[in-house]
Amino acid sequence: MIDELKQRLQAEVERLNHEINFVLPKEIEKARAHGDLRENSEYKAALERQQFVSSRLTHLRLRLSKLSSVTENEIPRDRVGFGSRVTVQDLDTKQRETYALTLGEFIEGDDNAVELPVSMASPLGKALVVGKVGTAVTVPLPAGKRRLKIVDLVTVHDLAAGK
């Protein structure tokens, strides 16, 4: 799972590198050829895109460097961690929900998936991380607190083993 995420990050870095080194310079030159740069919306849009791509590249490289230091051995086998599928029961409504813990910008929901993707950096993700089956957690939300109990856990190790 970590290797797959690294590959996706690297693919996006390569795509953005191509855009910033080849595509955007051509767009900027093309827009410059139109004349007065103060009122040239194509030029401004290309510069804004260049700034966005540059900052996204910096962010992705930082994320890749952090991810490179993570090994699957560091992810807990008996507690909630990155890649875990955790089923919780709301202690007030008795409703059950299943979440998949992900890294922030890689929350991808499969339309047919049973679990909802949740960032480990979100209030819910932070409350669930390192919890075990049977643990009750309180999630601070803007509309009040939510009390949940962890009722089932499938770690990234279990998923890799095909459980």
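The working numbering applies: residue 295 is where the sequence shown begins, and numbers increase by one. Beta carbons are placed, not taken as given, at the ideal position from N, Cα and C, and that holds for glycine. From a predicted model like this one, the values you see are computed outputs, not experimental measurements.
Inset, instruction - Tell me whether the beta-carbon of residue 426 lies closer than 7 Å to the beta-carbon of residue 373. - result: By one-based count along the sequence shown, residue 426 stands at place 132. By one-based count along the sequence shown, residue 373 stands at place 79. The Cβ atoms of residue 426 and residue 373 lie closer than 7 Å to each other.
Legend entry - Neighbour flag for residue 359 against chain B, beta carbons, 7 Å: Of the chains in the structure shown, none is chain B; there is only one protein chain.
Legend entry - Cβ distance (whole Å) where residue 450 is taken to contact residue 346 below 8 Å: If you number the sequence shown from 1, residue 450 lands on position 156. If you number the sequence shown from 1, residue 346 lands on position 52. A Cβ-Cβ separation of about 32 Å leaves residue 450 out of contact with residue 346 under the 8 Å criterion.
Inset, instruction - Measure the C-alpha to C-alpha separation of residue 424 and residue 394 and round it to an integer number of angstroms. - result: Walking along the sequence shown from the start, residue 424 turns up at place 130. Walking along the sequence shown from the start, residue 394 turns up at place 100. Cα to Cα, the separation comes out at about 14 Å.
Legend entry - Whole-angstrom distance between residue 439 and residue 359, CA atom to CA atom: Here the question's residue 359 lines up with position 65 in the sequence shown. Here the question's residue 439 lines up with position 145 in the sequence shown. If you take the alpha carbons of residue 359 and residue 439, they lie about 35 Å apart.
Inset, instruction - Look at the Cβ atom of residue 340, then the Cβ atom of residue 327, and state whether they are nearer than 7 Å. - result: Position 46 of the sequence shown, counted from the first residue, corresponds to residue 340. Position 33 of the sequence shown, counted from the first residue, corresponds to residue 327. Contact flag unset, no.
Legend entry - Terminal residues of the beta strand (DSSP E) in which residue 383 lies: The residue you call residue 383 lines up with position 89 of the sequence shown. Element bounds for residue 383: 379 to 384.
Inset, instruction - Just tell me which of 332, 433, 452 has its CA closest to the CA of residue 443. - result: As a first step, residue 443 must be located in the sequence shown, where it is residue number 149. Taking only the C-alpha atoms, the option nearest residue 443 is 433.
Inset, instruction - In angstroms with no decimal places, state the Cα-to-Cα distance between residue 310 and residue 389. - result: Taking the sequence shown and counting its residues from 1, the one referred to as residue 310 is at position 16. Taking the sequence shown and counting its residues from 1, the one referred to as residue 389 is at position 95. CA-CA distance, residue 310 to residue 389, rounds to 42 Å.
Legend entry - Helix, strand or coil at residue 322 [DSSP, three-state]: In the sequence shown, the residue the question calls residue 322 occupies position 28. Residue 322 carries a helical assignment under DSSP once its states are collapsed to helix, strand and coil.
Inset, instruction - Starting from residue 330, follow its DSSP beta bridges and name the residues at the other end. - result: The sequence position of residue 330 within the sequence shown is 36, counting from 1. None, per the DSSP bridge assignment.
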